[in-house]
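Q:
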Amino acid sequence: TAVNIPIIQTTEAHICNIIGSGIFVSPKGVLENAGSVGLAIIVWVVTGGITAIGALCYAELGDIFGGLAGFLRLWIAVLVIYPTNQAVIALTFANYILQPLFPSCLPPDTALRLLAAVCLLLLTWVNCFSVRWATRVQDIFTAGKLLALGLIIIMGIVQICKGHYYWLEPVHAFETFRDYEVGLIALSFLQGSFAYGGWNFLNYVTEELVDPYRNLPRAIFISIPLVTFVYVFANIAYITAMSPQELLASNAVAVTFGEKLLGVMSWIMPISVALSTFGGVNGSLFTSSRLFFAGAREGHLPRLLAMIHVNRCTPIPALLFTCVSTLLMMCTSDIYTLINYVGFINYLFYGVTVAGQIVLRIKQPDLKRPIKISLVWPVIYLLFWGFLLIFSLYSEPLVCGIGLLIMLTGVPVYYLGVYWENKPEWFDRGLCKHNGDVYTCTITFLLQLFDSLRTFSGLERSNQRINPSRLPFLSEMFYSGPLFAPS
4 TAVNIPIIQT
14 TEAHICNIIG
24 SGIFVSPKGV
34 LENAGSVGLA
44 IIVWVVTGGI
54 TAIGALCYAE
64 LGDIFGGLAG
74 FLRLWIAVLV
84 IYPTNQAVIA
94 LTFANYILQP
104 LFPSCLPPDT
114 ALRLLAAVCL
124 LLLTWVNCFS
134 VRWATRVQDI
144 FTAGKLLALG
154 LIIIMGIVQI
164 CKGHYYWLEP
174 VHAFETFRDY
184 EVGLIALSFL
194 QGSFAYGGWN
204 FLNYVTEELV
214 DPYRNLPRAI
224 FISIPLVTFV
234 YVFANIAYIT
244 AMSPQELLAS
254 NAVAVTFGEK
264 LLGVMSWIMP
274 ISVALSTFGG
284 VNGSLFTSSR
294 LFFAGAREGH
304 LPRLLAMIHV
314 NRCTPIPALL
324 FTCVSTLLMM
334 CTSDIYTLIN
344 YVGFINYLFY
354 GVTVAGQIVL
364 RIKQPDLKRP
374 IKISLVWPVI
384 YLLFWGFLLI
394 FSLYSEPLVC
404 GIGLLIMLTG
414 VPVYYLGVYW
424 ENKPEWFDRG
434 LCKHNGDVYT
444 CTITFLLQLF
454 DSLRTFSGLE
464 RSNQRINPSR
474 LPFLSEMFYS
484 GPLFAPS
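Using the working numbering, read the sequence shown as starting at 4 and increasing by one per residue.
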């Protein structure tokens, strides 16, 4: 039977999917690039408004795009977006764990990356071992972000009631600590947009909503303003407890906030944020592995990524692939560079998608559109998009340029691997042999290592075997023998 999710649960899910570790990472990046407290708060509000417009545009489009555009989105998600997001969240986790241990200086760079890698590897193992364990981790650690944000906002209100709002007064809010630059302001929007990631979540569950074409826009109009309110108030709370200079000097804003206001109870903040980010890494691993798995089943990624464990039904090759990709992104521990990197690519695709919406309105005006919005909104979005991309590329040409080049590498891959259907036999045979040897040997080794470690740790395997013929996607499994057989 179909699941029918009512408007209240839809709104709650949308809010929970947007609010994550970004609010504990982005405030410093936004303020640093904005140049003043007042402009930073304006950036948070405007980013919320642009996010709402983008969500409405996506609601009208649904899943209309495929072909090259759809493949490039998958390609860049595999190589850049998900690995970078996971690296940022894992590094944030490590930062909030280690910062209290180094109160007078920054944590060692090597220690940050090692702890982030341990977090990633542990959660990859959990997701490989059991879907149930992965979802339980998500449920438990979601409470961390709610506790941290609740404390921050409540303490901020208390501070305002006590009269601690010097940097919120208009005369002081726009005092600049450096000259305004258009390029840096564009980067401040990229930093803020990271905290709003997940706003297009509702498109994935449209079929499960009650009266989706009525409730989808309603959920957007309710959830995104609420998220914007929470984010703005959290930033206001930060400013009531510390000066802009103190915020910029902090490597873990919520830790500094807790030390300023909570005294002996300041340990609550790093623990709460660490719980939140730990759950964030888990959720991203869970989602990204399923995306890679689905892309491989459609023939857009190596077939190996469409394989799952026979007994546990977990997409182990896809999980290992996203884990390794994320570890490579951790070669740098500069969180804000990574955010600019992934933010530029995300906005590039959002803009292309919204431009496609306008083209479809012109070329196919009679196309059935259950949700239809005014063309004013996509035009506003595209104007903002143009400003953001041009000046971001101007300010960070290397970071943004690398992301653009990686995306463009997907064009020949698409035409050679997906679009070109009547390939010569020698081409298919040679390509499959090369890919098969490399991928199969690597993943076979990792799977055997995983099984050995699991056996060594005393974990019992299930005594039940799943018949691959009962599940269509299991028919493509490359192993059903000793490696997966119960001991």
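Ideal Cβ placement from N, Cα and C applies to all residues, glycine included.
1. If you check the beta carbons only, do F260 and I155 fall under 8 Å apart?
2. For the alpha helix (DSSP H) containing Y241, list its first residue and its last residue.
3. Go through its chain and collect everything with a Cβ distance to Y99's Cβ below 6 Å, but skip five positions before and after it.
4. Among W136, L75 and Y339, which one has its Cα closest to the Cα of T95?
5. Using CA coordinates, which residue listed in Q162, T231, C131 and N238 is at the minimum distance from V40?
6. Kindly indicate the opening and closing residues of the alpha helix (DSSP H) around I92.
7. Would you kindly work out how many angstroms separate the C-alpha atoms of T317 and L123, rounded to a whole number?
8. When DSSP labels each residue in this structure, what does L212 get in the three-state scheme?
9. Here's the rule: buried if 16 or more other CB atoms are within 10 angstroms of the residue's CB, otherwise exposed. What is V230?
10. Straight-line CA distance for I409 to K263?
11. Applying the criterion that 16 or more other CB atoms from any shown protein chain within 10 Å of the CB defines a buried residue, is F333 buried or exposed?
12. Determine the direct distance from the alpha carbon of L125 to that of V293, and round the result to whole angstroms.
13. Could you round the C-beta distance between L193 and S395 to whole angstroms and report it? I think they count as a contact, below 8 Å.
14. Under 8 Å between the Cβ atoms of W388 and Y350?
15. With distances taken Cα to Cα, identify the nearest neighbour of I223 among I271, A58 and V213.
16. At what residue ranges does the segment 241-303 contain a whole run of the alpha helix (DSSP H), taking only runs of 4 or more?
17. Which residues bound the alpha helix (DSSP H) around F352?
18. Considering only residues of the same chain and omitting the five flanking positions on each side of V48, which have a CB-CB separation below 8 Å?
19. Thinking V258 and Q162 are a contact (beta carbons under 8 Å), I'd like their distance in whole angstroms, please.
20. Following the continuous alpha helix (DSSP H) through T54, name the residue where it begins and the one where it ends.
21. Please determine, among L34, I227, D214 and L378, the residue with the shortest C-alpha to C-alpha distance to D182.
22. Report yes if the CB atom of F281 is closer than 8 Å to the CB atom of F177, and no otherwise.
23. Please identify the residue among C19, Y61 and A16 whose C-alpha is closest to the C-alpha of I374.
24. Provide the residue span of the alpha helix (DSSP H) that contains D1, from first to last.
25. Within a Cβ cutoff of 7 Å, which residues of the same chain sit near F487, ignoring the five residues on either side of it in sequence?
26. I'd like the list of long-range same chain contacts for T412, defined as Cβ closer than 6 Å, with 5 residues on each side in sequence excluded.
27. Use the C-beta contact count for C326: other C-beta atoms within 10 angstroms, 16 or more gives buried, fewer gives exposed.
28. Compare the Cα-Cα distances from Q248 to each of W170, R306 and N285 and report the closest residue.
29. For S133, collect the residues of the same chain with a Cβ closer than 6 Å to its Cβ; drop the 5 residues on either side in sequence, then sort them by chain order.
30. Using only alpha-carbon positions, find the residue among I365, A90 and V355 that is nearest to G283.
31. Which of the three DSSP states is assigned to I311 in this structure?
32. Helix, strand or coil: how does DSSP classify H167 here?
33. What residue from L322, L330, P215 and L392 has the CA that sits closest to R372's CA?
34. Whose C-alpha, out of P30, I92 and T87, is nearest the C-alpha of L251?
35. Since S279 contacts S24 with CB under 8 Å, what's their CB separation in whole angstroms?
36. Let me make sure I understand the geometry here. Which of D112, F352 and A37 has the alpha-carbon closest to that of F180?
A: Working from what's here:
1. yes
2. P215 to A244
3. A255, P273, V276 and A277
4. Y339
5. N238
6. Y85 to L101
7. 17 Å
8. Secondary structure at L212: strand, using DSSP grouped into helix, strand and coil.
9. A buried status is given to V230, since no fewer than 16 other beta-carbon atoms sit within 10 Å of its beta-carbon.
10. C-alpha separation (whole angstroms): 43 Å.
11. The sequence shown places Met at residue 333, not Phe. Its Cβ being crowded by 16 or more others within 10 Å, M333 is buried.
12. In the sequence on display, residue 293 carries Arg and not Val. The straight-line gap from Cα to Cα measures roughly 18 Å.
13. About 6 Å separates the beta carbons of L193 and S395, which is inside the 8 Å limit, making them a contact pair.
14. Their beta carbons are under 8 Å apart, which means W388 touches Y350 by this criterion.
15. A58
16. 247-252, 256-264 and 271-300
17. I338 to K366
18. The answer, listed in chain order, is T231 and V235.
19. That belief does not hold up - the Cβ atoms of V258 and Q162 are roughly 17 Å apart, past 8 Å.
20. V40 to L64
21. L34
22. no
23. Y61
24. Missing from the structure shown is residue 1; the chain here goes from 4 to 490 and no further.
25. Low local confidence applies: a pLDDT of 31 at F487 is under 50, so the model's placement there is unreliable, with the coordinate-based value given in what follows. The residues are H312, V313 and N314.
26. none
27. Classification for C326: buried.
28. For the set W170, R306 and N285, the Cα lying nearest the Cα of Q248 is the one of W170.
29. none
30. A90
31. coil
32. coil
33. P215
34. P30
35. 6 Å
36. A37
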